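Each residue of the sequence shown is one higher than the last, beginning at 1 in the UniProt record's numbering. Ideal Cβ placement from N, Cα and C applies to all residues, glycine included. Because the structure is a prediction, the values reported are computed rather than measured. See below for the structure under consideration.
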Amino acid sequence: MRSGNKGKLENELVPLPFRPRSAVESERFLAFADKFLRVPKGTGARGKLHLRDWQVDIAADVLDSGARTVGEMLPRGSGKTTLNAAFGLHCLFTWGEGANVVVVAVDERQAGLAFSAARRMVELSEDLSSRCHVYRDKLVLPLTDSTFQVLPATPAALEGLDYVLAIVDEAGVVSRDMFEVVQLAQGKRERSVLVAIGTPGPNLDDQVLLSLREYAAEHPEDRSLIFREWSAAGFEDHPVDCRHCWTLSNPALGDFLHEDAMTALLPPKTREATFRRARLCQLPADVDGSFLPPHVWDGLGTGEVIPDGSRVVVSLDGSFSEDSTALVVATVSPTPHLDVVKVWAKPADDPEWRVPVLEVEQTIRDACQRWDVAEIVADPFRYNRTLQVLEAERLPVVEFPWSPSRITAATGDFYNACIEGQLTHSGDGTLAAHIAAAVLREDTRGFRIDKTSRSRHAKKIDCAAAALMCHSRAVWLGRKPRKRSRSFAA
């Protein structure tokens, strides 16, 4: 959406044709949704937004309880984004003068999901779109000078808020500082509510959603806070595919949450602790377990080296001094075979040691003489000069920056390939040790392999990082048809 003045709307100063008879706000909300709102995407897209009974229960918490803060804990895939958008539009269009709605999350991209759903709902309704200006990050209702807005996810930028409804999305991962700024902005309106909704985050020690849950359990008499959850908490001893647990925690299961998608994500395709937290709203203690289940990597070993002349990808994960530097090779194939070229690690008795960069560069050149190297892959951080030198020698250098979107995809592909037996390796001991030391780290930017801690004494994972990059490019090249040179008869 472009920014700036969009001109006068057809019904800019005409009241919305909405005169519900009920004095119960949640019933007014249901009537508003039935008359004006359409499903913005997914199952039933463009059709009427029919709210389910469990969604009506949430509406009663938000709109009828009189609570200033409402916490809602649901698993992934429960339609939280669409419901948040519907709440926001109801308040924007029906709560009178200056009915400001704000959406905040861990970052503006996440907050923008609810706004995008609201924007699409407005676009699908002639009654709403003829009265509301739609901007890139804001909806404006001129009749009442009301706004629906996405705000920056920093405490300083959120100071001075004045809202009737604040939606804190993914409350399991937002910072406490940001949440408290939004929470403390209340009191300027006779009627205002903060909705903190989300799935438990990976850090179980300190997160907003679980703090609200704990307080509500300990202080049921305090009606300024309402908390509701759909979870299989208390049934952690049940198997991860227990249909009883699935039903308890997933109110949308069999409706717009498809059961085959749940089945497709069952361990070992995802870690059990992660599945339980994200899909069952259980709180397992082990959220930072090993990247791969025990014995999976060992089962992929063949003891074979990569023959000379094979078409391969060479991957470099480089460091300066403390971490090791690893050079890994993989055959170009949809099911690649991996091996280690060389690893440089700091000797325990040499505090002045530095990675021999010139030796690393020469080893890469030697690899290009030994194999048919399709690509030399590396993150340019710290090794930008090396990549420039090799590229100047006309070697096939490809940068692989560790951006969140790229690493999340590469990590998932590498994990699935290991689980499904879609790769093999030589059995190199250093590579096995680095794979075993890697954990799967999840945060607001996605998930990735990582060390167990930032300590310099943490076990190294550089071979694992190089293997991940090597696998990503080798598979991509292996699935891409090679161009064949054409010859012409004289």
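Quick one: Cα of Asn5 to Cα of Lys460, how far?
Taking the sequence shown and counting its residues from 1, the one referred to as residue 5 is at position 5. Taking the sequence shown and counting its residues from 1, the one referred to as residue 460 is at position 460. Caution is warranted here: a pLDDT of 47 is assigned to Asn5, below 50, making its placement in the model unreliable, and no coordinate value can be reported.
By DSSP's criteria, Glu393 is part of a beta bridge. Which residues make up the other side?
Counted from its first residue, the sequence shown places residue 393 at position 393. BP columns for Glu393 are empty, so no partner.
Can you tell me the Cα-Cα spacing of Cys132 and Gly47, whole angstroms?
Taking the sequence shown and counting its residues from 1, one reaches residue 132 at position 132. Taking the sequence shown and counting its residues from 1, one reaches residue 47 at position 47. Using only the alpha carbons, I get a separation of about 21 angstroms.
Taking the alpha helix (DSSP H) that Ser211 falls in, what are its first and last residues?
Sequence index remark: in the sequence shown, residue 211 carries index 211 (1-based). Counting along the chain, the alpha helix (DSSP H) containing Ser211 begins and ends at 208–218.
Starting from Ile435, trace the beta strand (DSSP E) both ways and give me its first and last residue.
In the sequence shown, the residue the question calls residue 435 occupies position 435. Unbroken run through Ile435 is the alpha helix (DSSP H), 429–437; no beta strand (DSSP E).
Which same chain residues end up closer than 6 angstroms to Phe32 when comparing Cβ atoms and leaving out the 5 residues on each side of it in sequence?
Here residue 32 refers to the residue found at position 32 when the sequence shown is read from its first residue. His90.
Going by alpha carbons, who is nearest to Val101 out of Asp61, Gly421, Val14, Asp145?
Along the sequence shown, read from residue 1 onward, the residue named residue 101 stands at position 101. Residue Asp145 holds the alpha-carbon nearest to the alpha-carbon of Val101 among Asp61, Gly421, Val14, Asp145.
Delimiting residues of the beta strand (DSSP E) encompassing Gly71:
Here residue 71 refers to the residue found at position 71 of the sequence shown. Note, Gly71: beta strand (DSSP E), 69–73.
Is the beta carbon of Ile226 closer than 9 angstroms to that of Ile197?
Start at 1 with the first residue of the sequence shown, and residue 197 comes out as number 197. Start at 1 with the first residue of the sequence shown, and residue 226 comes out as number 226. Not in contact: Ile197 and Ile226 (Cβ atoms no closer than 9 angstroms).
Would you be able to state if there are at least three C-beta pairs under 8 angstroms between the region 112–122 and the region 173–180?
no
DSSP bridge partner residues for Ser290 (one or two, in chain order)
Along the sequence shown, one-based indexing puts residue 290 at 290. Partner(s): Val439.
Quick one, which of Pro220, Leu9, Arg394 has its alpha-carbon nearest Ala67's?
The count along the sequence shown starts at 1 and reaches residue 67 at position 67. Measuring from the Cα of Ala67, the nearest candidate turns out to be Pro220.
Could you round the C-beta distance between Ile419 and Val296 to whole angstroms and report it? I think they count as a contact, below 8 angstroms.
Reading the sequence shown from its first residue, position 419 is the one you call residue 419. Reading the sequence shown from its first residue, position 296 is the one you call residue 296. Yes, they are in contact, since the Cβ atoms of Ile419 and Val296 sit about 7 angstroms apart, within 8 angstroms.
Does the distance from the CB of Leu165 to the CB of Pro15 come in under 9 angstroms?
Reading the sequence shown from its first residue, position 165 is the one you call residue 165. Reading the sequence shown from its first residue, position 15 is the one you call residue 15. Contact flag unset, no.
What residues match up with Val343 in a beta bridge as DSSP calls it?
Looking up residue 343 in the sequence shown gives position 343. Answer is Ala326.
Spatial distance of Val70 from Ala59 (CA atoms):
Locating residue 70 in the sequence shown gives position 70, where the first residue counts as 1. Locating residue 59 in the sequence shown gives position 59, where the first residue counts as 1. If you take the alpha carbons of Val70 and Ala59, they lie about 10 angstroms apart.
Top-ranked residue by Cα proximity to Glu361, from Leu395, Phe381, Thr331
Looking up residue 361 in the sequence shown gives position 361. It is Leu395.
Helix, strand or coil, according to DSSP, for Val357 in the structure here?
Mapped onto the sequence shown, residue 357 falls at position 357. Reduced to three states, the DSSP call for Val357 is helix.
Ser403 versus Trp95 - alpha carbon distance:
Counted from its first residue, the sequence shown places residue 403 at position 403. Counted from its first residue, the sequence shown places residue 95 at position 95. So the alpha carbons of these two residues sit roughly 42 angstroms apart.
Using the rule of at least 16 other Cβ atoms within 10 Å of the residue's Cβ for burial, across every protein chain shown, is Leu257 buried or exposed?
In the sequence shown, the residue the question calls residue 257 occupies position 257. Its Cβ being crowded by 16 or more others within 10 Å, Leu257 is buried.
Straight-line Cα distance separating Arg191 from Leu212
As a working note, residue 212 is residue 212 in the sequence shown. As a working note, residue 191 is residue 191 in the sequence shown. Distance between the alpha carbons of Leu212 and Arg191: 21 angstroms.
When the Cα of Ser324 is compared with those of Val56, Cys463, Ala171, which residue comes out closest?
Sequence index remark: in the sequence shown, residue 324 carries index 324 (1-based). Selected option, being the one with the closest Cα: Cys463.
Rounded straight-line distance, which links the Cα of Val150 to that of Arg38
Here the question's residue 38 lines up with position 38 in the sequence shown. Here the question's residue 150 lines up with position 150 in the sequence shown. Using only the alpha carbons, I get a separation of about 21 angstroms.
Under the assumption that Ser78 contacts Pro251 (Cβ atoms under 8 angstroms), give the Cβ distance between them as a whole number of angstroms.
As a first step, residue 78 is located in the sequence shown; it is residue number 78 there, counting from the start. As a first step, residue 251 is located in the sequence shown; it is residue number 251 there, counting from the start. That belief holds up - the Cβ atoms of Ser78 and Pro251 are roughly 7 angstroms apart, short of 8 angstroms.
Taking buried to mean at least 16 other C-beta atoms within 10 Å of its own C-beta, is Gly254 buried or exposed?
To locate residue 254, count along the sequence shown from 1; it is residue 254. With fewer than 16 neighbouring CB atoms inside 10 Å of its own CB, Gly254 falls in the exposed class.
From Asp366 to Met469, what does the alpha carbon distance come to, in whole angstroms?
Numbered from its first residue, the sequence shown carries residue 366 at position 366. Numbered from its first residue, the sequence shown carries residue 469 at position 469. Each residue's alpha carbon lies about 20 angstroms from the other.
Whose C-beta lies closer than 6 angstroms to the C-beta of Ala466 among residues of the same chain, with five residues either side of it excluded?
In the sequence shown, the residue the question calls residue 466 occupies position 466. Contacts found: Ser315, Asp317, Ala326, Val328.
Per-residue burial, Leu431 [other beta carbons within 10 Å of its own, 16 or more giving buried]
Stepping through the sequence shown from its first residue, residue 431 is reached at position 431. By the neighbour-count rule (16 or more Cβ atoms within 10 Å), Leu431 is buried.
Report the rounded CA-to-CA distance for Leu13 versus Leu141, giving the unit in angstroms.
To locate residue 13, count along the sequence shown from 1; it is residue 13. To locate residue 141, count along the sequence shown from 1; it is residue 141. Cα to Cα, Leu13 sits roughly 9 angstroms from Leu141.
Rounded straight-line distance, which links the Cα of Ile306 to that of Ser426:
Numbered from its first residue, the sequence shown carries residue 426 at position 426. Numbered from its first residue, the sequence shown carries residue 306 at position 306. Roughly 8 angstroms between the two C-alpha positions.
Terminal residues of the continuous beta strand (DSSP E) containing Gly183?
The residue given as residue 183 occupies position 183 in the sequence shown. First, the amino acid is wrong: residue 183 is Gln here, not Gly. No beta strand (DSSP E) contains Gln183, which is instead part of the alpha helix (DSSP H) from 176–184.
Per DSSP, cross-strand counterpart(s) of Arg228
Translated into positions along the sequence shown, residue 228 becomes position 228. Glu72.
Roughly how many whole angstroms lie between the Cα atoms of Val475 and Phe235?
For the purposes of this step, residue 475 is taken as residue 475 along the sequence shown, with counting starting at 1. For the purposes of this step, residue 235 is taken as residue 235 along the sequence shown, with counting starting at 1. Each residue's alpha carbon lies about 40 angstroms from the other.
Spatial neighbours of Arg52 in its chain, beta-carbon cut-off 8 angstroms, leaving aside the 5 residues before and after:
On the sequence shown, position 52 is the one that residue 52 refers to. Pro251, Ala252, Asp255.
Own chain partners of Glu27 with C-beta closer than 8 angstroms, once the 5 adjacent residues on each side are dropped:
On the sequence shown, residue 27 is found 27 positions in, with the first residue counted as 1. Excluding positions up to five away in sequence, the list reads Pro20.
In this structure, how does DSSP classify Phe87 when only helix, strand and coil are distinguished?
What you label residue 87 is simply residue 87 of the sequence shown in a count that begins at 1. The answer is helix: DSSP assigns Phe87 an H, G or I state.
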